[in-house]
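Engineer: Quick one: structure below, then a few questions.
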């Protein structure tokens, strides 16, 4: 079958080429890919972080401003309720240029900037049609519909100095930018605003850009969605230290609803600044091609306080944060990708110091999440299964909502490969450093108010059964390093290595446990108790299979042969009870733990000699029939289950049972007596 297709292609010479869609269509596509919600506020915090701001304020303002002196009558609809965003940094020339270029982000050329994707700021079009910016000596308004400032004009800018006459004449138009969030009449006189103020008039009716109508209720919902993980939003930021949410009523009354603040350690105010300086130098070295075979790590303590004025609650969480920068030369493939993608191999790991359960690790209320400087949206995609939060210079999907992973359809995706390399090269070393630094602080601050107990450190170890598949490659390199160090907290209060330790999982409620542990410690053994998941880690990642030593009846019997027990009779009975518990009766031979009625102990022996036999009395033939022979009978007052164990031992080939009549001195011993053939010793 032959088919001929006729297309409507170009005919002859002339203009030809691809075209870009109208600005509104381009922005609508961004909004489709970038859902609204609290992530919008995070993008604006990222912009503030990039600019070096230390504080960010969000304010819903119900003020209705005048509509008489405006640029045009069409501007009247934008003089009402609005969302303001303030930060205390000033726009640079690069910032002014960058915010006008929506198709690409200038931040890509500077990998130190967090918000390196062009769609970040433009997510505000979910809220508004006409965003505006007031920073330094400039006030600018954006109009993607290109209807307010002239044909094909997508915005207008005024200078506070050179355009002061027009600004004064259009008093109503510019009134929304003065008298709030640090801007005042003095700002006009000085011709400069020492910060940045975004104003987003709420969309009151559907537009060509979006049908999304915004009102007070939706803004407060936006605030609530931000509050869900606001306690971690500052965790890995270097500049922004405070974020607050405000409302200004129509009568001018302003209320703060919520505030989150990050503060440095009270004991060492310079710890964090010095750490950030070290990291900055490492980043510069990497960017400049300086070779290094190691990960540069810096650790500091950080407190984050959340004040919810609506709920009248204040919550403070303390974190230990370790940041790491990979060295150039550690991994050639990682370096190549870093140069191509304009990425830097930086990692941050944060351990909560007050949410650790000593036996179970991180409590059920804590769930380790992935960050790309700011927390990624809550959900399966951002959950790691780790007992720490992990931030990294990760390659993200276009909508910045999840980390890219190599899947069948994107196996060769450079950003996805970068993420995998980051996980096996930089994260394990930073994680290792965090745990070792935590131990160091526990040791040096044991007399001070350090929030984490020694056993609490186990809560920082990842649980192989809980960690999500994409993050499992962390485990092997982490534990290969960690298990070579003194990371086990012993029962005598010292930090020891795994191969120095005898691990006990004995039930502390049993009477035998205390005696067994006391005996082994007195014999020079270093004992430790660890949670079940740590025991599983040790079993899985110990350097030599089967090298872990544990407190078992067999181990205690071996120790008793080397180191005789010199404690009380009651302790001996408890030790006997423990070593009988695995029913390995042949291993009793040579142990001086057979209790006699005369309150002495004999040695278990396999020698067959009637005169050395030790008897177990029965109801039919009680010991009272044989006065003076207390040294030949097993102690009758021992626990029933211990007596049962001895009787079972007597039935084995190692402790013979006789059913004929045997003469004991001048006394005849009838059948049905159990006895063990032991050498009687005082």
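Residue numbers (our numbering): 11 to 692.
All C-beta atoms, glycine included, are put in the ideal place defined by N, C-alpha and C.
No experiment lies behind these values; they were computed from the predicted model shown.
Less than 8 Å between C-beta atoms, sequence neighbours within five positions excluded: which residues of the same chain meet that for residue 37?
Structural biologist: 112, 132, 135, 154, 219
Engineer: Determine the direct distance from the alpha carbon of residue 230 to that of residue 261, and round the result to whole angstroms.
Structural biologist: 19 Å
Engineer: By how many angstroms is the C-alpha of residue 173 removed from the C-alpha of residue 60?
Structural biologist: 29 Å
Engineer: For a test of the three-state rule: what should DSSP assign to residue 95, helix, strand or coil?
Structural biologist: strand
Engineer: With a cut-off of 8 Å on the beta carbons, I'd call residue 506 and residue 514 a contact; round off their distance for me.
Structural biologist: Actually they are not in contact, since the Cβ atoms of residue 506 and residue 514 sit about 14 Å apart, beyond 8 Å.
Engineer: Evaluate contact between the region 326-335 and the region 281-296, counting only Cβ atoms and requiring at least three cross-stretch pairs below 8 Å.
Structural biologist: yes
Engineer: Identify whether residue 168 lies in helix, strand or coil by the three-state DSSP scheme.
Structural biologist: strand
Engineer: Under a Cβ-count criterion, where at least 16 other Cβ atoms within 10 Å of its own Cβ denotes burial, should residue 687 be classed as buried or exposed?
Structural biologist: Interpretation of residue 687 is limited by its pLDDT of 38, a score under 50 that renders its predicted location unreliable; the figure taken from the coordinates is listed afterwards. Buried.
Engineer: Tell me the rounded alpha-carbon separation between residue 475 and residue 54.
Structural biologist: 37 Å
Engineer: Here's a check: name, in chain order, each residue in its chain whose Cβ is nearer than 7 Å to the Cβ of residue 427, leaving out the five neighbours to either side.
Structural biologist: 347, 416
Engineer: Quickly, what does DSSP pair residue 326 with across the bridge? List them, please.
Structural biologist: 315
Engineer: When the Cα atoms are used, what is the spatial distance from residue 215 to residue 162?
Structural biologist: 22 Å
Engineer: Taking C-alpha atoms, which residue in 316, 453, 67 lies nearest to residue 51?
Structural biologist: Scanning 316, 453, 67 for the CA closest to the CA of residue 51 turns up 67.
Engineer: In terms of DSSP beta bridges, what is residue 428 paired with?
Structural biologist: Residue 428 is not bridged by DSSP to any residue.
Engineer: Helix, strand or coil, according to DSSP, for residue 681 in the structure here?
Structural biologist: Unreliable positioning characterises residue 681 in this predicted model, as indicated by a pLDDT of 31, which lies under 50. The coordinate reading is nonetheless provided below. The answer is coil: DSSP assigns residue 681 none of H, G, I, E or B.
Engineer: Taking just the CA atoms, how far does residue 156 sit from residue 26?
Structural biologist: 26 Å
Engineer: Any heavy atom of the ligand PLP inside 7 Å of the beta-carbon of residue 242?
Structural biologist: What this structure holds is no ligand at all, so the ligand PLP is not there to describe.
Engineer: When you compare the CB positions of residue 175 and residue 147, do they come within less than 8 Å of one another, or not?
Structural biologist: No, the pair does not count as a contact, with Cβ atoms beyond the cut-off.
Engineer: Below 8 Å CB to CB, which residues in the same chain sit around residue 84 once its five sequence neighbours on both sides are set aside?
Structural biologist: 157, 158
Engineer: Would a C-beta distance cut-off of 8 Å place residue 566 and residue 586 closer than the cut-off?
Structural biologist: Taking C-beta atoms as the reference points, residue 566 and residue 586 fail to come closer than 8 Å.
Engineer: List the residues that DSSP assigns as beta-bridge partners of residue 274.
Structural biologist: 312
Engineer: CA-CA distance, residue 363 and residue 307?
Structural biologist: 19 Å
Engineer: DSSP three-state call for residue 526: helix, strand or coil?
Structural biologist: helix
Engineer: Determine the DSSP secondary structure at residue 346, reduced to helix, strand or coil.
Structural biologist: helix
Engineer: Where does residue 177 land, buried or exposed, given buried means 16+ other C-beta within 10 angstroms?
Structural biologist: buried
Engineer: Assuming contact is defined by CB atoms lying nearer than 8 Å, are residue 70 and residue 257 in contact in what I supplied?
Structural biologist: yes
Engineer: What distance in whole Å lies between the Cβ atoms of residue 300 and residue 338, which are believed to be in contact at a cut-off of 8 Å?
Structural biologist: 6 Å
Engineer: With a threshold of 8 Å on Cβ separation, who are the neighbours of residue 182 within its own chain once the five nearest residues in sequence on each side are excluded?
Structural biologist: Taken in chain order, the residues that qualify are 75, 76, 77, 78, 79, 80, 89.
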